[in-house]
Amino acid sequence: MSTRPARKPSSIKRLRAMFMIALAVGLSLFTGVMFTLVDNLSERFGPEVREDLEWRALRGAHELARAADLGLAIGDRAMVTQSFGVYAHSPDVAAIHAIDSLGTVVAHHGESAASESLFTGAPDTLTRGKNQLVSWMPSVIEGHEVGKVAIVVSTRRLSEAQAKLSNVAWITLAAGCVGLLLGGFAIMFFTRAMASRDKQLNHYASNLEQMVVLRTAELDERNGEMRLVLDSVAQGFVMVDVRGMMASERSAIVDVWFGTPSPGTTFGSYIEPHAAEFAAWFELALSTLRDAFMPVDLCLAQMPKRFAVGGRAFEVSYRTIMEGERLDRVLIIISDVTAEIVRARSEREQRELLVMFQRITTDGAGVDGLLVEVKELLAILASPCDVVVERRILHTLKGNCALFGLELYSELCHSIESELADSLQPISGAQREALLDGWQTVASWIGRLRGAPRDNIVEIEIAELAQVIERAAHGISSHEIAAVLLSWTLEPVARRLERLAQHARGLARRLGKGELEVIIQDGGVRLDGAHWASFWSAAVHAIRNSIDHGLEHTDERVALGKPAAGCLTFVAEQAAGWTTVTFGDDGRGIDWDAIAVRARAAGMPFASHADLVAALFADGVTSREEVSETSGRGIGMAALQHAVTDLGGTIDIVTTRGTGTRISCRFPEITTDMPRVRSITSVAKSPTYTSKIPCIVPTASP
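The sequence shown begins at 2 in my numbering and counts up one residue at a time.
Structure, rendered in C-alpha cells:
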C-alpha cells in the first residue's frame with residue numbers, strides 16, 4: 002500500500018495565499034450584493050406595505066359594515082362586538098367604531114380619536130392621519146342605513162419595517178468587514194496546523210485500507226442480522242424519503258401482503274392498486290409534511306391511519322427521522338389488525354346480545370314494537386322515494402336502534418348519513434343493501450332470543466287488576482267492565498316513557514353529563530301502540546336534542562347555581578278530549594340566535610318568533626355548529642313534527658334561556674269503538690289465542 006507524500010512548506014504558503022484571496026473576493030462580493038439587495042428591498046417594500054394597509058382599511062370597512070348590520074339595527078352591543086371578528090385581533094387594526102343611525106356609539110374596539118372625527122370623510126375613501134389610515138362604510142339593510150362602522154389601521158408597521166431594513170443593510174456591511182478579518186485569522190491558524198496534521202494523516206493512511214476492510218465486514222454482518230429481523234417480524238416496516246420513494250430494505254411481510262415493488266417506486270403508487278383512497282390521502286398529507294408549513298406532529302396526525310385490502314384491515318403508524326430540524330425520512334409501520342377488529346366487533350355484538358336479552362325480559366312488547374317499526378321503515382327504504390323522507394327515516398332508524406342499545410346498527414345508519422351529508426342524492430343501492438342485510442342479521446338473533454311473538458299477551462299491573470275486582474264487587478255495569486278490559490289491550494304510556502328515560506340516562510353518561518334525573522308522570526294513560534308507533538319513534542329525537550343541545554355539563558351547571566344532575570320531565574295526560582305528551586328539561590334553552598343564523602343562511606324567514614319556530618322544525622336547520630353521532634343534522638325535529646301532524650296533532654314549544662325547554666305534543670283523543678271490541682273478541686275465540694296476566698291476586702278470606 003503506497004503512502005501519500007507530505008506537503009512542502011511552499012505549497013502550504015500558496016494554499017494560504019489562495020484562501021486569503023478567495024476569502025477577500027468572496028466576502029466583498031457577498032457584502033456588496035447583500036447591501037444592494039437590502040437597499041432595493043427597502044425601496045420596493047414601502048409602497049407594497051402601504052398598498053396592503055390601504056387595501057386592508059377599505060376592505061375592512063366593507064366587511065365590518067356588512068357583518069354588524071343586524072347588531073346595529075337592534076342596538077345589540079354584544080352582537081356588534083362579536084361581528085368585529087378577526088379584525089379585533091389584528092395587530093394592524095388600531096381601533097374599530099360602530100355607531101347607529103342616530104350617531105350613538107354602539108360598540109368600539111381599541112383607542113383612537115373621538116367617533117365623530119372618524120366619519121368626517123366620504124364613505125369608501127381613506128383619511129390619512131399621523132401613523133394611521135381611517136375608512137368607514139354605512140351598514141345598510143334592505144336599502145335603509147342602520148349605522149356606520151369605521152376602522153383605523155395603524156401605519157406604524159411600515160415605519161418600523163423600513164427602519165429595520167436600513168439597520169440590516171448597515172449591519173450586513175459591518176459583518177462583511179468583521180468576517181474578512183476573522184477569516185484571515187482563521188486561515189492563518191488552520192494552515193499552520195495543517196502541516197502538523199499531514200504528518201499524522203500519513204501515519205493513519207498506512208492502516209486505512211485494513212480498517213476499511215474490517216469495517217465493511219462488520220457492516221455486512223449487521224445488515225445480515227437486520228435483514229433476518231425484517232424477514233421475521235409480523236409488522237410491515239417501509240422507509241420512505243420526503244418524496245415518498247421507498248427504500249430497498251423493508252419487511253418481507255410487506256411483499257407478501259402487497260407484492261414486490263419495482264425499483265424507484267413511491268409508497269403511494271405502490272399501495273394505490275390495493276387502496277386508492279388511502280394512497281391519495283397519503284400523497285396529500287406527505288406533500289404537507291414535505292412543505293413544512295405546519296408542525297411535524299400536526300402533519301403526522303393528518304396522515305391516513307387505516308385501509309382495507311381483500312377483507313383484511315391494516316393500521317398504519319408513522320415515525321419521522323430528522324436531520325437536525327429538517328425532515329429526512331419517514332418510517333411507515335403497517336400492522337394487520339383484522340383479528341383485533343373482528344374480536345372487538347364480536348365483543349360488541351356479545352354486549353348488544355346481552356343488552357337485548359335484558360330488554361326482552363323486561364320490555365318484550367317494546368322489542369316486538371321495534372321489530373315491527375324497523376321492518377316498516379326499511380320497507381319504505383327498499384325502493385327510492387323522496388330524498389327528505391329517506392333522510393328522516395334513516396335518522397329515525399338510527400335513534401330507535403340507539404334507544405334499544407343496538408349501537409352497531411345505529412353506527413351503520415350514522416355512517417350512511419355522513420356519506421349523504423353533502424349531497425342531495427337518494428340512498429344508493431349498496432347503502433340500501435347494507436341497511437337491509439344489517440337489520441336481517443340483528444332481527445335473526447333477536448328472534449332466537451325472544452322466542453314466540455307476544456302479540457296476544459296482555460300485561461297489567463296487579464294494582465289495576467285489584468282495582469277492577471273491587472269495582473266489580475261493588476256492582477259496576479258490564480259495559481264499564483268491558484271498557485276497562487278493552488283499555489288493557491292498549492299500551493301503557495309509562496312503558497314508552499320509561500324506555501325513553503333509560504336511553505336518556507345512558508346517553509347523558511356517554512356524553513359526560515353525569516347522572517340524569519328523569520321525572521315521569523304517565524297519568525295512567527294507555528294508547529294504541531300501533532297507531533302511536535311513529536310518534537314514539539320520532540320522540541327519541543327530542544330527548545337526544547335535550548341532552549346534547551340543552552343540558553349543560555356538570556361543572557357548568559354548578560357554576561350557574563343549578564343542581565349538578567340535569568333533569569328531564571316526561572308528562573302524559575288526557576283531558577277534555579285531548580291527549581298531551583310533554584318533554585321538558587332544565588337546560589340552557591333553545592338558542593334562537595343560532596336558529597336565526599341558520600334560517601337566514603337557508604333563505605328562510607327569521608324575523609318573527611313564529612318564523613324561528615318554523616325554521617326549528619325545518620329539515621337541515623340546527624343550532625349545533627358540528628355534526629355528532631347524537632345530533633346536529635337538523636333532521637330529528639322535522640321528523641317529530643311530521644309524526645305529530647300525521648296523527649292530527651300540534652306541537653307547542655316554551656323555552657327560556659338558562660332555564661330550560663318544554664315541548665308539548667297535543668293530539669285529539671281516539672274513541673275506542675265497538676268494532677275494536679269485536680276484533681279483540683274474535684282473536685280471543687281463535688285457537689291460537691293465549692291470555693297472560695303476569696300478576697297474582699290474593700284470595701279473599703272467607
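Where a beta carbon is used, it is the ideal one built from N, C-alpha and C, also for glycine.
Every value quoted in this text rests on a predicted model; they were computed, and no experiment measured them.
Residue i lies in the alpha helix (DSSP H); which residues open and close that run?
i    : result
E471 : I463 to A474
Q441 : G430 to R451
M638 : G637 to D647
T362 : T339 to T363
V310 : Per DSSP, V310 belongs to no alpha helix (DSSP H); it is in the beta strand (DSSP E), R307 to V310.
E408 : E408 to L421
R392 : V388 to L404
I477 : Premise fails: I477 is in no alpha helix (DSSP H) and is neither H nor E.
I75  : D70 to I75
D298 : V297 to A302
Three-state secondary structure (DSSP) at residue i?
i    : result
R589 : coil
W533 : coil
G130 : strand
E226 : Its pLDDT being 48, under 50, E226 is placed unreliably in this model, and the value from its coordinates should be taken loosely. In this structure, E226 counts as helix in the three-state DSSP scheme.
S167 : helix
D569 : Correcting the residue identity first, residue 569 is Leu in this sequence and not Asp. Three-state result, L569: strand.
R679 : For R679, the pLDDT reaches just 44, beneath the cut-off of 50, and the residue's location in the model is therefore unreliable, although a value from the coordinates is still provided. Helix, per DSSP.
H554 : coil
D653 : strand
R15  : helix
A280 : helix
T32  : helix
F259 : helix
A25  : helix
P669 : strand
R601 : helix
A701 : Summary for A701: the model assigns pLDDT 34, below 50, so the residue's position carries little reliability; its value from the coordinates is reported in the next sentence. Of the three classes helix, strand and coil, the one that applies to A701 here is coil, per DSSP.
Assuming residue i and residue j are in contact, meaning their beta carbons sit under 8 Å apart, how far apart are those beta carbons, in whole angstroms?
i    : j    : result
G406 : E353 : 6 Å
F668 : G649 : 6 Å
A565 : G507 : That pair is no contact at about 18 Å.
T37  : L174 : Contact doesn't hold; Cβ gap of about 11 Å is too wide.
G245 : E284 : 7 Å
V107 : G148 : 7 Å
L425 : V388 : 6 Å
I461 : A509 : Actually they are not in contact, since the Cβ atoms of I461 and A509 sit about 31 Å apart, beyond 8 Å.
V519 : L569 : 5 Å
I482 : A473 : 6 Å
T267 : M240 : Their Cβ separation, rounded to whole angstroms, is 13 Å, which puts T267 and M240 out of contact at 8 Å.
G269 : A280 : 5 Å
A95  : V154 : 7 Å
V645 : I652 : 5 Å
I need the boundaries of the beta strand (DSSP E) containing residue i, first residue and last residue.
i    : result
E316 : R313 to E324
M80  : Unbroken run through M80 is the alpha helix (DSSP H), R78 to S84; no beta strand (DSSP E).
Q503 : Note, Q503: premise wrong, no beta strand (DSSP E); alpha helix (DSSP H) at V494 to R511.
G620 : Correcting the residue type first, residue 620 is Asp in the shown sequence and not Gly. Element bounds for D620: n/a, residue is neither H nor E.
F268 : Per DSSP, F268 belongs to no beta strand (DSSP E); it is in the alpha helix (DSSP H), F268 to I272.
Per DSSP, which residues does residue i bridge with? Please list them.
i    : result
H110 : I97
M247 : V241
W137 : A151
F584 : F571 and I664
Q522 : V572
E146 : V141
I596 : DSSP, once it has assigned bridges, lists no residue as partnering I596.
V331 : V241 and T321
L528 : E492
W56  : None; W56 has no bridge partner.
S336 : E316
Consider the Cβ of residue i: report whether some Cβ of chain B lies at a distance smaller than 8 Å.
i    : result
V147 : In the displayed structure, chain B is absent; only one protein chain is listed.
Counting pairs of Cβ atoms below 8 Å between the region 78–91 and the region 55–69, do you hit three or more?
Three or more Cβ pairs closer than 8 Å define a contact, and the region 78–91 meets that threshold against the region 55–69.
Would you say the region 469–478 touches the region 332–346, given that touching needs at least three Cβ pairs under 8 Å?
Using a Cβ-Cβ distance cut-off of 8 Å, the region 469–478 and the region 332–346 are not in contact, since fewer than three pairs of beta carbons, one from each stretch, lie closer than that value.
Using 8 Å as the threshold, is the region 444–453 in touch with the region 365–373, meaning 3 or more CB pairs across them?
yes
Between the region 49–66 and the region 121–140, are three or more C-beta pairs nearer than 8 Å?
yes
Answer yes if the region 588–606 comes into contact with the region 524–538, meaning at least three C-beta pairs across the two stretches below 8 Å, and no otherwise.
In short, these stretches do not touch, since the Cβ pair count stays below three.
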